[in-house]
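J.: Note that UniProt numbering has the sequence shown beginning at 1, numbered continuously upward.
C-beta: ideal position from N, C-alpha, C; glycine also.
Owing to the predicted nature of the structure, the values given are computational and were not obtained by experimental measurement.
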Amino acid sequence: MTNFRITVTSDTICPWCYVGRKQLIAAETLYHELHPSSGDTFSVNYMPYMLLPDWPRGPAGAQDKQEAYIQRFGPERVKMMHQRLRVVGKETGIDFKFGGRTGNTRDSHRLVWLAKKYSPEIESKTIDELFKSYFEKEGDITDLETLRAIASTVGIPDADFQKAIVDSDECGKEVDRAILHVQMKGVSSVPNYLVQGKYQLDGARDPKTFVGIFEKIKELESKSVG
1 MTNFRITVTS
11 DTICPWCYVG
21 RKQLIAAETL
31 YHELHPSSGD
41 TFSVNYMPYM
51 LLPDWPRGPA
61 GAQDKQEAYI
71 QRFGPERVKM
81 MHQRLRVVGK
91 ETGIDFKFGG
101 RTGNTRDSHR
111 LVWLAKKYSP
121 EIESKTIDEL
131 FKSYFEKEGD
141 ITDLETLRAI
151 ASTVGIPDAD
161 FQKAIVDSDE
171 CGKEVDRAIL
181 HVQMKGVSSV
191 PNYLVQGKYQ
201 LDGARDPKTF
211 VGIFEKIKEL
221 ESKSVG
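(1) Specify the secondary structure class of L147 as computed by DSSP and reduced to three states.
(2) Alpha carbon to alpha carbon, how far is T9 from V78?
(3) Using a threshold of 9 Å, state whether the C-beta atoms of K208 and L30 are closer than that.
(4) Taking all protein chains shown into account, do 16 or more other C-beta atoms lie within 10 angstroms of the C-beta of V187, making it buried, or fewer, making it exposed?
(5) Under a three-way DSSP split, which group does T102 fall into?
(6) Considering Cα atoms alone, identify which of P59, K218, D54 and M47 is closest to C171.
(7) Secondary structure at P59, three-state DSSP: helix, strand or coil?
(8) Using CA coordinates, which residue listed in E76, V154 and S133 is at the minimum distance from K125?
(9) DSSP three-state call for T142: helix, strand or coil?
(10) To the nearest angstrom, how far is the alpha carbon of G203 from that of H109?
(11) R177 to G39, Cα distance in whole Å?
(12) Mind checking which residues open and close the beta strand (DSSP E) that includes F42?
(13) Is the segment 50 to 68 close to the segment 15 to 35, with three or more CB pairs under 8 Å?
(14) Tell me which residues share the same chain as residue 227 and place their Cβ nearer than 8 Å to its Cβ, disregarding the 5 neighbours each side in the sequence.
(15) Starting from R86, trace the alpha helix (DSSP H) both ways and give me its first and last residue.
(16) If you measure between the beta carbons of R21 and D160, is that distance less than 9 Å?
(17) Could you work out which residue in M1, I165, C14 and T7 is closest to E136 when comparing CA atoms only?
(18) Does DSSP put Y118 in a helix, a strand or coil?
(19) For the beta strand (DSSP E) containing Q196, list its first residue and its last residue.
(20) F98 and E138: beta carbons closer than 9 Å?
(21) DSSP three-state label for V182, please.
(22) Answer with buried or exposed for K198, where buried requires no fewer than 16 other C-beta atoms within 10 angstroms of its C-beta.
(23) With H, G and I counted as helix, E and B as strand and the rest as coil, what does DSSP make of I25?
(24) Would a C-beta distance cut-off of 9 Å place I217 and F4 closer than the cut-off?
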């Protein structure tokens, strides 16, 4: 029996991190369908990353999402990105929308870290709700009130949210250390996947590709044990 220990490094405003999350979940399901009697398990740990670390925090530091993309990539490339994401979105069950605002994601990562203190299930729901808000509802996840609504949706008491996210910088040091840790490990783009602490993959992968990678890792691990 193999326990696939997967560390996923991602940012809450990265579209391919959202795609990659959907693909990884689908890959776990597919793996179990193909190997129903293996007893293999998956343990997934999410680590934060910030694509816009130098932007000021909060809505005042946010910008129109499309204006920011065009400034960075140019209009033609942005158009191609939208087309590609619409296609991949249909394949993965994501209804990509491209309006709204973008900005510094440190507070959203603090919310994920807070959610982790409750349970893996609440952490997972928080990640899903952040992605859905930003990419499918055009939500401003730099806004603490948007984060408050997400916290309420996943079951975090409002008093806890107020104390940790609004009234203090709780989880901030943990997020900062985690980002520094993954950067020191060589992560410079997201999504990034580290399996068994040594097999590193960059970029989203379709479920079949993920499964093939897991099967190869299981084979390598079995040989090393034998």
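T.: On the basis of the data shown:
(1) helix
(2) 24 Å
(3) yes
(4) buried
(5) strand
(6) M47
(7) helix
(8) V154
(9) coil
(10) 20 Å
(11) 34 Å
(12) T41 to P48
(13) no
(14) Any answer about residue 227 is impossible in this case: the structure gives the chain only from 1 up to 226.
(15) P75 to T92
(16) no
(17) C14
(18) coil
(19) Run containing Q196: none; DSSP gives neither H nor E here.
(20) yes
(21) helix
(22) exposed
(23) helix
(24) yes
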